[in-house]
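**Q** Mind the numbering: the sequence shown is residues 1 to 330 in full-length UniProt numbering, read in order.
Can you keep this structure in mind? I'll have questions shortly.
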Amino acid sequence: HINVSFFGRSPECDSTTAVPEEYIIFCDIVEKELRATSIAKWDENTDQRVWAALGWSKWTDWSACSVSCSAGIQQRVRHCLQPECPGFNVEQRHCNLFGCPDTVNPLALEERKFFHPSKDRWQKVPDRPTAWRLRPNSYIWVPSSQLFSELNGRAFPKEFTLFITLRLQNDSNMGTIFSLRSRRRQDTYLSLEVAGFDFKLVHATANGTDVVRIPTTLADKEWHQIAIGIRDDSVVETYIDCEWSRTDILKKDAIDIPEDSDLIIGYLFSGDLEQMSIVSDPTMVSLQCSSLKTPIIDPSVKDNVQDGNLRKPLRGHKKYQNVHHKRKLA
Numbered sequence: 001h002i003n004v005s006f007f008g009r010s011p012e013c014d015s016t017t018a019v020p021e022e023y024i025i026f027c028d029i030v031e032k033e034l035r036a037t038s039i040a041k042w043d044e045n046t047d048q049r050v051w052a053a054l055g056w057s058k059w060t061d062w063s064a065c066s067v068s069c070s071a072g073i074q075q076r077v078r079h080c081l082q083p084e085c086p087g088f089n090v091e092q093r094h095c096n097l098f099g100c101p102d103t104v105n106p107l108a109l110e111e112r113k114f115f116h117p118s119k120d121r122w123q124k125v126p127d128r129p130t131a132w133r134l135r136p137n138s139y140i141w142v143p144s145s146q147l148f149s150e151l152n153g154r155a156f157p158k159e160f161t162l163f164i165t166l167r168l169q170n171d172s173n174m175g176t177i178f179s180l181r182s183r184r185r186q187d188t189y190l191s192l193e194v195a196g197f198d199f200k201l202v203h204a205t206a207n208g209t210d211v212v213r214i215p216t217t218l219a220d221k222e223w224h225q226i227a228i229g230i231r232d233d234s235v236v237e238t239y240i241d242c243e244w245s246r247t248d249i250l251k252k253d254a255i256d257i258p259e260d261s262d263l264i265i266g267y268l269f270s271g272d273l274e275q276m277s278i279v280s281d282p283t284m285v286s287l288q289c290s291s292l293k294t295p296i297i298d299p300s301v302k303d304n305v306q307d308g309n310l311r312k313p314l315r316g317h318k319k320y321q322n323v324h325h326k327r328k329l330a
């Protein structure tokens, strides 16, 4: 056992003093026993610096989830840049833990008429064949009543969770990821928009506009997973990369989902989009991916110090087929 004690300024001097819940302990081995020498608060950057000092490369992006619903797995890999590195080279986690019966995947629609331009002109991402590379003129436009007719016999649900996996490509990003627009009331819509490297959720009606700004880390141009749950006509809960980010509580009945809405995906947006899953249950917002990771030592993952491209698929591993829960519309 290691007894960890933190010493800081008194509350009178520093009101921010707090004992961290996660930290890294540095130890020496003295007479076959571990003895703590120093301690540091844990965060992703500090963790990466420690592993880099031991000879490891950065982690690759997480792979695509093996299934689009009902619990799959995804992995990421890193490479040893020295003759030997202590530790593990693969991490694995569970993903898409929500059920298929309540899930709609607009990107998996088979009807070509909803894709603009035609679906055969859409481009796959070269290094991510499960994702689409969207241009400003690439978008999906589909009546929401057709998407959800099999689930609830009505229009878009009043409460739902939106799961997104995407990667930005440009430094100046604007565009609409997701939008519900009323057919009869042109000034009524609910949209998730990219604003620079952050998101904003915009709800507009004849009585005014509410905007919820969602800070993200999209500037690194890596793959990110965003989950947004909307409930009680006024609560917006957000998870980013498997971690709770924020809960915004708006005024009562602030979010009104138009029943005659069309769903628009990707309008005027430039970037890579892999997942757009809609679940008619806002309590599922934390189930896009697990924050618990399983370390794996896999000797079949070959390291090549001379090769600057370390973002390689796992060698020797079973290839996961990205299975989409498809829905055919009338």
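Don't be surprised by glycine CBs; every beta carbon is placed ideally from N, CA and C.
These figures come from a predicted structure and were not determined experimentally.
Can you tell me whether Val301 is buried or exposed? The criterion is at least 16 other CB atoms within 10 Å of its CB, across all chains shown.
**A** Flag for Val301 reads buried.
**Q** Between the beta-carbon of Ala131 and the beta-carbon of Asp220, is there less than 8 angstroms?
**A** Result no, Cβ atoms of Ala131 and Asp220 do not sit closer than 8 angstroms.
**Q** Residues in the same chain with beta-carbon distance under 6 angstroms from Ser290, minus the five sequence neighbours each way, listed in chain order, please.
**A** Around Ser290: Arg93, His94.
**Q** Could you check if Thr103 is buried or exposed, using at least 16 other CB atoms within 10 Å of its CB as the buried criterion?
**A** The residue is buried, with at least 16 neighbouring Cβ atoms inside 10 Å.
**Q** Cβ-heavy atom distance between Ile249 and the ligand COA below 7 angstroms?
**A** Among the components of this structure there are no ligands whatsoever, and the ligand COA is therefore not found.
**Q** Using the three-state DSSP reduction, which class does Val50 fall into: helix, strand or coil?
**A** In this structure, Val50 counts as helix in the three-state DSSP scheme.
**Q** Quick check on the burial criterion: 16 or more other C-beta atoms within 10 angstroms. Buried or exposed for Leu109?
**A** It counts as buried.
**Q** If you measure between the beta carbons of Arg184 and Asp127, is that distance less than 8 angstroms?
**A** In this structure, Asp127 does not lie closer than 8 angstroms to Arg184 by Cβ.
**Q** Look at the alpha carbon of Asp253 and the alpha carbon of His116, and state the distance between them as a whole number of angstroms.
**A** For Asp253 and His116, the distance between alpha carbons rounds to 34 angstroms.
**Q** Note down the Cα distance separating Val30 from Cys69, rounded to an integer number of angstroms.
**A** If I take the Cα positions, the gap works out to 50 angstroms.
**Q** Beta-carbon within less than 6 angstroms of Val211's beta-carbon, same chain only, minus the 5 sequence neighbours each way: which residues are those?
**A** Hits under 6 angstroms: Lys200, Val202.
**Q** In three-state terms, what does DSSP make of Pro282?
**A** Three-state DSSP puts Pro282 in a helix.
**Q** How would you call Cys27, buried or exposed, if buried means at least 16 neighbouring beta carbons within 10 angstroms?
**A** It is exposed - the Cβ of Cys27 has fewer than 16 other Cβ atoms within 10 Å.
**Q** Counting beta carbon pairs with one atom in the region 158-178 and one in the region 262-269, are three or more of them shorter than 8 angstroms?
**A** As far as the Cβ criterion goes, the region 262-269 touches the region 158-178, which means the pair count is three or higher.
**Q** Bridge partners of Leu168, per DSSP?
**A** Gly271.
**Q** Between Asn96 and Ala64, how many whole angstroms is the CB-CB distance? I'm expecting something under 8 angstroms.
**A** At roughly 10 angstroms, the Cβ-Cβ gap does not stay under 8 angstroms, so Asn96 and Ala64 are not in contact.
**Q** Which of helix, strand or coil does DSSP assign to Pro106?
**A** DSSP places Pro106 in helix when its eight states are reduced to three.
**Q** Would you say Leu54 and Cys85 are within 8 angstroms of each other, going by their C-beta atoms?
**A** Yes, they are a contact pair.
**Q** In the structure shown, what three-state DSSP assignment does Gln123 receive?
**A** Strand, per DSSP.
**Q** Since Asn38 sits in a beta bridge, which residues does DSSP pair it with?
**A** Reading the sequence as shown, one finds Ser at residue 38 and not Asn. BP columns for Ser38 point to Phe26.
**Q** Using the three-state DSSP reduction, which class does Glu44 fall into: helix, strand or coil?
**A** If DSSP states are grouped into helix, strand and coil, Glu44 belongs with the helices.
**Q** For Thr217 and Leu287, I'd like the C-alpha separation in whole angstroms.
**A** The alpha-carbon atoms of Thr217 and Leu287 are separated by roughly 20 angstroms.
**Q** Could you please give me the residues that DSSP links to Pro129 through a beta bridge?
**A** According to DSSP, Pro129 bridges with nothing at all.
**Q** Per DSSP, what kind of secondary structure is Ile182 in: helix, strand or coil?
**A** The sequence as given places Ser at residue 182; Ile does not occur at that position. In this structure, Ser182 counts as strand in the three-state DSSP scheme.
**Q** Go through its chain and collect everything with a Cβ distance to Ile73's Cβ below 8 angstroms, but skip five positions before and after it.
**A** Here the set comprises Cys65, Ser66, Gln92, Arg93, His94, Cys95, Tyr320.
**Q** Could you round the C-beta distance between Gln225 and Thr165 to whole angstroms and report it? I think they count as a contact, below 8 angstroms.
**A** Indeed they touch by this definition, with Cβ atoms about 5 angstroms apart.
**Q** Kindly list the residues whose CB is nearer than 6 angstroms to the CB of Trp59, restricted to its own chain and excluding five residues on each side of it in sequence; keep chain order.
**A** Result list for Trp59: Arg76, Arg78, in chain order.
**Q** In whole angstroms, what separates the C-alpha of Phe88 from that of Leu34?
**A** Those two C-alpha atoms are separated by around 21 angstroms.
**Q** Ignore the nearest five residues each way along the sequence and tell me which others in Ile140's own chain have a CB closer than 8 angstroms to its CB.
**A** Result list for Ile140: Pro106, Leu107, Leu109, Phe114, Phe115, His116, Leu263, Ile264, Ile265, Gly266, in chain order.
**Q** Please list the segments of the alpha helix (DSSP H) lying wholly inside the region 44-101, counting only runs of 4 or more residues, in order along the chain.
**A** As far as the region 44-101 is concerned, its whole alpha helix (DSSP H) runs of at least 4 residues are 44-53.
**Q** Please go through the same chain and pick out, in chain order, the residues whose beta-carbon is closer than 6 angstroms to the beta-carbon of Pro157, but skip the five residues on each side of it.
**A** Closer than 6 angstroms at Cβ, skipping near neighbours: Ser280.
**Q** Would you mind stating whether Leu192 and Ile228 have Cβ atoms separated by less than 8 angstroms?
**A** Against a cut-off of 8 angstroms, the Cβ pair of Ile228 and Leu192 comes out as a contact.
**Q** At which residues does the beta strand (DSSP E) containing Gln225 begin and terminate?
**A** From DSSP, the beta strand (DSSP E) with Gln225 extends over 224-231.
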